[in-house]
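Whatever position you read off the sequence shown (first residue = 1), add 198 for our numbering.
In this text, a Cβ means the ideal position worked out from N, Cα and C, and glycines have one as well.
Worksheet for the structure shown next.
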Amino acid sequence: MESGSENLDLMKFINVKGNVENITPHKIAVVAFIREYGLLKIEAKEMIDCTMAPTYRKDFCLLALKLIQCPDMEFKELEALLTDGRYNLLSVHLQNFCVRLQNIYVNGISALMDCVTSAVDKLMIEQTEINTCVVSRCSVLGFYLRRIMLYLDKLTFVQVVSLYKSFCLYYQRGRPGLMMRSLSKEKLNNVEPQVASTSQAFPEDLRLSKLSFRMNTIDRDNSFEECQWSRKQAELFTAQQANLLQVNEDKALPPRQLQKTINRIMNDIPEYSDIHFLSFLNCIRMKEFCGAQDSLYNCFDRAVFCVTGNSSACNDRNKSFRYAALNRAAMHTKFGHNSLAMESVREALATAQEAADGSCLAHAAAWGALAGGRARRAALLARVPRAPRPAAAAAQLMAQHTAVNSVRPAEVFQILTKGDSINYLHAMTDLTMAGLANTAALWSLYGKTEMASVACQLLLNLNTKCNIGVGSVWHNTMALATAGAGALCAAAWRGDAALARALAAAARASPARRVAARERARGALLAGKWEEAEQNIKQLASYDRWQSQLLKAEMFYLKGDATEALESIHDILDYCKTEDDSLHYISLRLKAMILMSQVQHTFSSMQSTNIMLLNEALSLAKKYHLHYLAATAEMHIANVQLNMGCAKNALILVRKVLPSIMAHGSAYDMARALLLYTKCRIATAPTSGEARLQVIQSCCETLESVKKNFTKVGAQARLLQTWYLQAQLYNAIGNHAARNQCAFVYRQLETQNPVEPTNNLFIMY
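Structure below.
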């Protein structure tokens, strides 16, 4: 124990340097800027009936706070900030500031020391009835001036000389005199009445030969850097950038620029551990595993040994260890390393239980639920007391878990609603957005596309504005990107191509790009453009391998290649046998089974096997409450029955399912459902007489809606089939004018957009 205490005391001694303020030329310039303003304010008070306009006082305070908090900037940047018009500053204030910097540059170390000491002596005098202090000792400016003076007094003579040399380089690398020339030669009436300057501007030709000689004698290799980060500046920068990465990545610095700034801070403050965690977040953002792992280890290596007190040293070290394991679990989960993530989860759970840290336990359980299997998820998400945030997150994970385990939708949404009530009660915007995104995903899973669209619109119209620093930003998280992808999917689902293109152009997130690639591939398949479809399917494979595999199988089927289609479908079904714990696996499996039934129905004469496969798909869909997929399976069963000669049974089944398809189906599904309904009505119509004519006339009217929907989605081959069928029906009832019109349009469409003829269309659903 004694040796451990000695080690901790040693580390405490080593880390004293981290609390020392770095005195840089930029900080000296900020002190001069504050000093000249304070002197002007003193002059204004000494004159009778003279006050400084509030707009100048307000803008000075905002600018001074910005200069204190922001990282060091070059003199060119400071000049631009002062003169670009963003802040209303006194012209005489800027003139005096320029004169003060020239005075330090010309007169040497004594002028530099006098600038700092006189700022404290003249501006922070004792408060009396006659004299009022300009800068309070306990204000932000007062703390800043006192801190600069304190650490300047601690410098050795050699260090002060190096600081002055750095200031000369800092000043010379700017544009000396340019700001003076840019200011008006007349002293504007910014103070009422006009305040006279306490200093006279140096002439333009300031002893150039002497300055040149001075600069030639400066040793450029010194221990002071012109731009160095202080500890407080680094802490503010880290907090703001970490918050932006969580809330809105687009507003944070670009990854390369952010990493460059992080490296500068690491160089200036090597013992500052939080900057390594910001580097970890930046690497996670760019999916860079090696950099993320190195940054995470560097962060917690420093956090473990940077202990400031002996009494809580062991406890702090345990805290660092368990949160290091927790963040390692999060990192591996993000990269899909589930086995490694579970190892870290177990370590975090063990250390958190030992320290009775409920927050760490809850977060470790949440990451374990994401990385673990179905049994692990049920155990980790057991009902235990939790803080509001972990409880809300656990409710969303539990809703997903129950949804993929065939729990009734009412119970699933009840769990989700409990989580949402916690979000609303504690104003947790990010989890509120995640809850709406989960709601939309679950409605889509159950086949209620209109409800999913409503949830996406609610999320997109949610007021997510929050304050970060002096500005405000809108939350732009993955949940919002998912809502944008949902809106894009709904537009394509309804056949609104213009809106879908606009949403795809506006959305830059990965979910929207995945949906856009999928819809382009599907559109090319419907249009019979095989090369374009294959290209888009390959593009989709980088986002979603198995969805692209499903579209690939559909492409082979439409081209008439049954062997390749079945091979792709079997790959999907083999995957679904092993991967049974994701939100989309059951829907993927059902879609593959339905597509396999189509291939068997088209290229095989064994319809009994096909019916058995569709019945199995229907049973699974009902078990997991996937209502729309169940309706789709029943439509395929009706289509098989129609082609087997059981037209009446097919018509009964279609009439049962048609309302669900019309309420939640896509434009393409509605068109082919109505087309199947039309075929069933024709097959069951009376053989002759007025009743048959009425049925056929009604079917011709229904086909108008079918053609409209097929046109929306660009299903050229199915559209030609519909025109052909309509022409035959008009011919059957003796309407030769309508028949000829349909034949004419059919010929025009066939000439303008030729498609490969196929006999599959007449038996396809």
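With 16 or more other CB atoms across the displayed protein chains lying within 10 angstroms of its CB, T830 is buried. Remark: three or more beta-carbon pairs, one from each stretch, lie closer than 8 Å, so the segment 748 to 761 and the segment 719 to 728 are flagged as touching. W427 carries a coil assignment under DSSP once its states are collapsed to helix, strand and coil. The Cβ atoms of N536 and A590 do not sit closer than 7 Å to each other. In this structure, A546 places its C-beta atom within 7 Å of the C-beta atom of L524.
Nearest to N480 by alpha-carbon distance, out of L442, E469, P468, is L442.
Taking the CA atoms as reference points, A230 sits about 9 Å from N294. Residues of the same chain with a CB within less than 6 Å of the CB of F258, apart from the 5 flanking positions on each side, are Y235 in chain order.
Assignment of N674 by DSSP, reduced to helix, strand and coil, places it in the strand class. Straight across, the Cα-Cα distance linking R344 with C654 is about 54 Å.
For C664, the three-state secondary structure derived from DSSP is strand. Look at the beta carbons and you see the segment 364 to 372 touching the segment 270 to 277: at least three pairs across the two are nearer than 8 Å. When secondary structure is reduced to three states using DSSP, N446 falls in the strand class. Along the segment 467 to 493, the beta strand (DSSP E) does not occur as any fully enclosed run of 3 or more residues.
With fewer than 16 neighbouring CB atoms inside 10 Å of its own CB, Y622 falls in the exposed class. The residue from C366, A317, G283, P252 with its alpha-carbon nearest to that of Q300 is C366.
The DSSP-derived three-state label of R298 is helix. The shortest C-alpha to C-alpha distance from L643 to any of A550, C268, H823 is the one to H823. For E272, no alpha helix (DSSP H) run applies, since DSSP gives it neither H nor E.
For M631, the enclosing alpha helix (DSSP H) has its first and last residue at 627 to 643.
A contact is defined here as three or more CB-CB pairs under 8 Å, and the segment 785 to 801 meets this definition with respect to the segment 762 to 776. When rounded, the separation of the alpha-carbon atoms in Y349 and D492 is 34 Å.
Counting only the Cα atoms, L701 lies some 8 Å from G682. Under the three-state reduction of DSSP output, K821 falls in the helix class. Between T647 and H474, the CB-CB gap reaches or exceeds 7 Å. The beta carbon of I307 sits closer than 7 Å to the beta carbons of V358, V359, Y362 from its chain, once the five residues preceding and following it are set aside; these are given in chain order. Under the three-state reduction of DSSP output, I460 falls in the helix class.
Rounded to the nearest whole angstrom, the CA to CA distance from K517 to M631 is 30 Å. Exposed is the label assigned to Q946, since fewer than 16 other Cβ atoms lie within 10 Å of its Cβ. Shown here, T949 sits in a helix according to DSSP, grouped into three states. Secondary structure in the segment 844 to 911: the alpha helix (DSSP H) runs of 4 residues or longer, each lying completely within the stretch, are 845 to 862, 865 to 882, 888 to 911 in chain order. The beta-carbon distance between L959 and A915, rounded to whole angstroms, is 6 Å. This is short enough to meet the 8 Å contact definition. Minimum Cα-Cα distance from C296 among the listed residues P252, I232, Y342 corresponds to I232. D772 sits in a helix when the DSSP states are folded into three classes. Within the same chain, A683, L686, C687 come within 6 Å of V713 by CB-CB distance, once the 5 residues on both sides are set aside. P586 sits exposed, since fewer than 16 C-beta atoms from the chains shown fall within 10 Å of its C-beta.
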